[in-house]
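A.B. asks: Here's a structure for you.
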Amino acid sequence: MAHKVRLLNRHWHLPKSKPLRVGIGILLIVGGILGFLPVLGFWMIPLGLLVLSADLPAVRRWRRQLTVWWHRRREAPTPDA
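Mapping the sequence shown onto our numbering, position 78 (from 1) lands on 1317, and the numbers just tick up by one.
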C-alpha cells in the first residue's frame, strides 16, 4: 500500500520504508522544537506529526480528532448579532 497524506486538498506520497517515514517525522519535530533558529521553523512540528500519523495509531487518532473538530467548527452556523 502506498502511504500518502492529504494536506490542503493535495496528496503527498511518503517513502515506502516505515523506518524512513518515522525518522523523517521525528527529525521534523526535533527541527520544529528548534524553530527559533534560522531556516528551521515551528511549522515543522505539525508536518512531522502528519508524517508520523501514517504509522503511529495514537498520532493518527489525534489527527482524525483534529480534522473532525475543524470541520464541525467550520460548518457551525455563526450567531447573528
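Cβ coordinates follow ideal geometry from the N, Cα and C atoms, glycine included.
Given a cut-off of 8 angstroms on the beta-carbon distance, is the pair glycine 1280 and leucine 1267 in contact?
C.D. replies: no
A.B. asks: Does the beta-carbon of leucine 1291 have 16 or more other beta-carbons within 10 angstroms, so that it is buried, or is it exposed?
C.D. replies: Its Cβ being crowded by 16 or more others within 10 Å, leucine 1291 is buried.
A.B. asks: Taking only three categories from DSSP, how would you classify tryptophan 1282?
C.D. replies: coil
A.B. asks: For glycine 1270, does the count of other Cβ atoms within 10 angstroms reach 16, so buried, or fall short, so exposed?
C.D. replies: buried
A.B. asks: For a quick check, are the C-beta atoms of histidine 1242 and leucine 1253 less than 8 angstroms apart?
C.D. replies: yes
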